[in-house]
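Only one structure is covered here, and it is reproduced in the block below.
Protein chains: 2
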Amino acid sequence: MSTERDVLDAAARAREASHGLALATRARKDRALLAMADGLVAAHDDLLAANAEDVARAEAGGTPPNIVDRLRLTAERLAGMAQGLRDVAALPDPVGEVVRGSTLANGLELRQVRVPFGVVGMIYEARPNVTADAAGICLKSGNAVLLRGSSSARSSNAAIVGVLREAAVSAGLEADVVQLVPGDSHDSVKALMRARGLVDVLIPRGGAGLIRSVVEESTVPVIETGVGNCHVYVDRAADLDKALAIVLNAKTHRTSVCNAAESLLVHADVADAFLPRVVTALQDAGVTIHGDTAFTAYDGVEAASEEDYATEYLSLDISAAVVPDLDGAIRHIRRYSSQHSDAIVTEDQSAARHFTAAVDSAAVLVNASTRFTDGGEFGFGAEIGISTQKLHARGPMGLPEMTSTKYVVTGDGHVRP
Amino acid sequence: MSTERDVLDAAARAREASHGLALATRARKDRALLAMADGLVAAHDDLLAANAEDVARAEAGGTPPNIVDRLRLTAERLAGMAQGLRDVAALPDPVGEVVRGSTLANGLELRQVRVPFGVVGMIYEARPNVTADAAGICLKSGNAVLLRGSSSARSSNAAIVGVLREAAVSAGLEADVVQLVPGDSHDSVKALMRARGLVDVLIPRGGAGLIRSVVEESTVPVIETGVGNCHVYVDRAADLDKALAIVLNAKTHRTSVCNAAESLLVHADVADAFLPRVVTALQDAGVTIHGDTAFTAYDGVEAASEEDYATEYLSLDISAAVVPDLDGAIRHIRRYSSQHSDAIVTEDQSAARHFTAAVDSAAVLVNASTRFTDGGEFGFGAEIGISTQKLHARGPMGLPEMTSTKYVVTGDGHVRP
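Which chain is which? The protein sequence lines are A and B, in order. So that you can map any letter, position 192 of the first sequence is 192 in full-length UniProt numbering, and since no number is skipped, the others follow by simple counting. So that you can map any letter, position 148 of the second sequence is 148 in full-length UniProt numbering, and since no number is skipped, the others follow by simple counting.
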């Protein structure tokens, strides 16, 4: 009860602070962002000390080392957070951009203008660097932000947010443009999801379970991010050298990320030529293959279950199948893909054209690794997440995706006849 | 149970049909739209007969005459439906439009392309003409549509959809690109709201109660439309002749629509000059004024409750208040507006600039009637509704707003270093 009240109070303060932030000039917002970066650098020792508390607590609680690693702040990571804020300051301000405009036949001037959402809620796991990244992107796009990080990072997040709020005030903005959501039980997440009218959009970042629960329970509009069951399809007309390089890169370049490949499909006509090479190369890279009968003919390949094809492993595992033709690949992808990133490797223009038209994913790639689906790689300069939904934003979301629009209509006493 | 099964089956068929429709050329879609228009004209007698059944049932059930009128099809309304479909055929195809594109530093070619949502669910009340309008807009934007009209219009809707499906098939599209949702109990609406994964977006059109219930209960993403508690603010620097014309037009041009004005705010400095004129003019037009104490000083003005300021009357009623200054007007609008359309009347450039920046509504109008917030008036050619939410689309929604996008990334064996 009291958690719910606290969260709604915080949301109401965010709403109030959002009015001023929406009207803030780019110059003021950039001053705040640079002050935030300087503040993080200046508070280096305090932040590492706060983080050490979180790390000690996690280690004492038996948290697995890879999760503890994500939680840990280092001098390098802190410098990266500060640089991230400076990078966002250097990006153009999306607010005020005229998306379209015209003068109507009756002389009315119509302009569609980018405006902030208002209040954004971020729900995320572990990594404390997301706290600064998200706050920076929200601030630049004119949105007050409510940050609900992992309870395991509570000391780090509190220290970071303290620095960010002080910097906002130093630039003449209200402290409440950046707030940590009070409470670290699930009740505070629940209250955030029910704060319709006070919070304009919720963005969950984290595992599939977190995202699913927010999508299903929230009455606040949600932007779904990041689950990636990504496919690489090797066509009959593939250059098999390119195919091999792309499969390896997509699977092994970094396994814990949403744009890593989780499933390999191979056209039957090139199976004999490609399977021996790709099985060996993947196994040499430490990958466990979960394959259909064409693949299990090779040593060390495990038999894939239906479940495997639907799984986002986020590990050195890949499901694999031979498909009879291009349409078979498309059918497989339609059935199992999470519609994040799916790639075809082919030298056949007609196959590429059909695949890119028929596969309905946030990113469809031709002769390129799925790892390229990323705001940084796309040149957006900053990324709040990768949307896998179709409403509002799809694919990597940069600053413009963190805004809404409004129509400004200017007349001179115009009435409808 | 059986309704739910039927609805999910229909949604699955729509999903299946959506794949082919997404790939259909503009030429084929336009052929279907023109065949639909011709089909409605040819089926004139059958459609009026089906409609007569609905009207007779409504009248026998004691439905109020204004609702029966909305339900009634006439030769003129049928011709309007056919013309609407021809108009949509003449509009450019949003699918395939390249929204942005560039070649990245590494040579990857990036294109963000408009694609259909997939399957759209429409939930709407009474008017059978919405059936043809919505089907036409969805088809042109490449979306299969599930139409859940009012049960009071079931004979009309079934007859119209029969014609539309036949026309789709004659143009080489699958019949299931247009379907009436089976069942006319609330169960079928419920099943539609839970068909996440089969239905990509739900658009409720109708009264505030319908929209609220869909927004709250649906796990399918919703585009909220149409509730309009719209304000006209008469500034101290207003040209009072323009102000009078705009207030009258916004309130009385058509009262049952979402862009009609429901609340009048007047700057204290012009209250003595403007109130006598506007009270008389509104009352002469048959409007009941629910005002604060400044207004109740005039004969026939009723005292406004808190409730009045929050009400979308959709009738010849208007709430009214005198505000101390521009910021007072903005505060009032922030508190009560449904963020649909809010207008300022002023000759003061600085006041107009501040109002348009500070009022966060789908449309903010300067010296123009709120009645202009309309897809037709904005030159969109077709409108599926007016979004009052901030995600995805805001304000009148035309064909581009009925699409998502995807990124197509083309390389030549690119892998991430």
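Even glycine gets a Cβ: it sits at the ideal position worked out from N, Cα and C. Computed from a predicted model, the values in this text were never measured in an experiment.
Residue i - containing alpha helix (DSSP H), residue span
{"i": "Thr103/B", "result": "Looking at the DSSP string, Thr103/B is not in any alpha helix (DSSP H); the run it does join, the beta strand (DSSP E), is 98-103."}
{"i": "Met193/B", "result": "186-193"}
{"i": "Asp9/A", "result": "2-23"}
{"i": "His332/A", "result": "326-336"}
{"i": "His290/A", "result": "Here His290/A belongs to no alpha helix (DSSP H); instead the beta strand (DSSP E) covers 288-291."}
{"i": "Ser277/A", "result": "Ser is not the amino acid found at residue 277/A; the sequence shown has Arg there. Looking at the DSSP string, the run of the alpha helix (DSSP H) that includes Arg277/A is 271-284."}
{"i": "Val95/B", "result": "Taken as a continuous stretch (DSSP letters only), Val95/B belongs to no alpha helix (DSSP H), as it is neither H nor E."}
{"i": "Ala310/B", "result": "From DSSP, Ala310/B is part of no alpha helix (DSSP H); its letter is neither H nor E."}
{"i": "Pro237/B", "result": "Per the sequence shown, residue 237/B should be read as Ala rather than Pro. No alpha helix (DSSP H) holds Ala237/B; DSSP gives it neither H nor E."}
{"i": "Asp69/A", "result": "65-71"}
{"i": "Asp342/A", "result": "Careful: Asp342/A lies outside any alpha helix (DSSP H), inside the beta strand (DSSP E) at 341-345."}
Beta-carbon gap between residue i and residue j smaller than 8 Å
{"i": "Gly23/B", "j": "Ala358/A", "result": "Looking at the sequence shown, residue 23/B is not Gly but Leu. The answer is yes: Cβ separation under 8 Å."}
{"i": "Val145/B", "j": "Val98/B", "result": "no"}
{"i": "His253/B", "j": "Arg416/A", "result": "yes"}
{"i": "Val279/A", "j": "Val247/A", "result": "no"}
{"i": "Leu198/B", "j": "Ile123/B", "result": "no"}
{"i": "Tyr336/B", "j": "Ser263/B", "result": "yes"}
{"i": "Ile333/B", "j": "His231/B", "result": "yes"}
{"i": "Thr410/A", "j": "Glu4/A", "result": "no"}
{"i": "Thr296/A", "j": "Ala285/A", "result": "no"}
{"i": "His354/B", "j": "Ser319/B", "result": "no"}
{"i": "Lys29/A", "j": "Asp133/A", "result": "no"}
{"i": "Thr288/B", "j": "Leu316/B", "result": "yes"}
{"i": "Gln389/B", "j": "Ile223/B", "result": "yes"}
{"i": "Glu312/B", "j": "Ser338/B", "result": "yes"}
Proximal residues of chain B, C-beta to C-beta of residue i below 7 Å
{"i": "Val408/A", "result": "Thr356, Val364"}
{"i": "Gly80/A", "result": "Within chain B, no residue comes near Gly80/A; the closest Cβ sits about 19 Å away, beyond 7 Å."}
{"i": "Arg371/A", "result": "Arg416"}
{"i": "Asn143/A", "result": "Per Cβ cutoff of 7 Å: no residues; Asn143/A is ~11 Å from chain B at best."}
{"i": "Asn249/A", "result": "Val415, Arg416"}
Chain A residues whose Cβ lies nearer than 9 Å to that of residue i
{"i": "Glu216/B", "result": "Arg196, Thr219"}
{"i": "Gly395/B", "result": "Gln112, Thr405, Lys406, Tyr407"}
{"i": "Leu326/B", "result": "Within chain A, no residue comes near Leu326/B; the closest Cβ sits about 14 Å away, beyond 9 Å."}
{"i": "Val201/B", "result": "Lys390, Leu391"}
{"i": "Phe117/B", "result": "Lys390, Leu391"}
8 Å Cβ cut-off: residues of chain B touching residue i
{"i": "Ala245/A", "result": "Gly413, Val415"}
{"i": "Lys242/A", "result": "Asp412, Gly413"}
{"i": "Leu23/A", "result": "Ala357, Ala358"}
Cβ shell of residue i (< 7 Å), same chain only, five flanking positions each side left out
{"i": "Gly96/A", "result": "Val113, Arg114"}
{"i": "Leu48/B", "result": "Leu73"}
{"i": "His19/A", "result": "none"}
{"i": "Gly395/B", "result": "Ala362, Ala363, Thr373, Ile386, Ser387"}
{"i": "Val322/B", "result": "Val266, Ala268, Ala271, Asp292, Ala294"}
{"i": "Val169/A", "result": "Ala175"}
{"i": "Val214/B", "result": "Ile123, Met193, Leu202, Pro204, Val222"}
{"i": "Ala35/B", "result": "Ala167, Ser170, Ala171"}
Within chain A, partners of residue i - CB distance below 7 Å
{"i": "His392/B", "result": "Leu391, His392"}
{"i": "His253/B", "result": "Arg416"}
{"i": "Leu108/B", "result": "Ala368, Phe372"}
Beta strand (DSSP E) segment containing residue i, residue limits
{"i": "Leu265/B", "result": "261-267"}
{"i": "Tyr233/B", "result": "230-234"}
{"i": "Arg114/B", "result": "109-116"}
{"i": "Asp176/A", "result": "That residue, Asp176/A, is in no beta strand (DSSP E); it is neither H nor E in DSSP."}
{"i": "Gly209/B", "result": "Careful: Gly209/B lies outside any beta strand (DSSP E), inside the alpha helix (DSSP H) at 208-217."}
Residues of its chain near residue i, where Cβ-Cβ distance is below 6 Å and the 5 sequence neighbours each way are ignored
{"i": "Val270/B", "result": "Arg236"}
{"i": "Leu326/B", "result": "Ala351"}
{"i": "Tyr407/B", "result": "Gln112"}
{"i": "Ala238/A", "result": "Val345, Thr346"}
{"i": "Ser188/B", "result": "Thr3, Val7, Val181"}
{"i": "Ala82/A", "result": "Ala37, Leu40, Val41"}
Beta-carbon proximity list for residue i, same chain, < 8 Å, skipping 5 on both sides
{"i": "His44/B", "result": "Ala75, Leu78"}
{"i": "Ala195/A", "result": "Val7, Leu8, Ala11, Gly121, Val220"}
{"i": "Pro128/A", "result": "Asn51, Asp54, Leu71, Leu73, Gly149, Ala153, Ser156, Asn157, Ile160"}
{"i": "Thr63/A", "result": "Leu71, Ser152"}
Contacts that residue i makes with chain A (C-beta to C-beta distance below 8 Å)
{"i": "Leu104/B", "result": "Glu377, Phe378, Gly379"}
Evaluate contact between the stretch 380-397 of chain A and the stretch 83-97 of chain A, counting only Cβ atoms and requiring at least three cross-stretch pairs below 8 Å.
yes
Under 8 Å: do the stretch 359-378 of chain B and the stretch 246-260 of chain B share three or more Cβ pairs, one atom per stretch?
yes
Is the number of C-beta pairs between the stretch 179-188 of chain A and the stretch 152-170 of chain A that are closer than 8 Å three or more?
yes
Any 3 or more C-beta pairs closer than 8 Å across the stretch 134-141 of chain B and the stretch 391-406 of chain B:
yes
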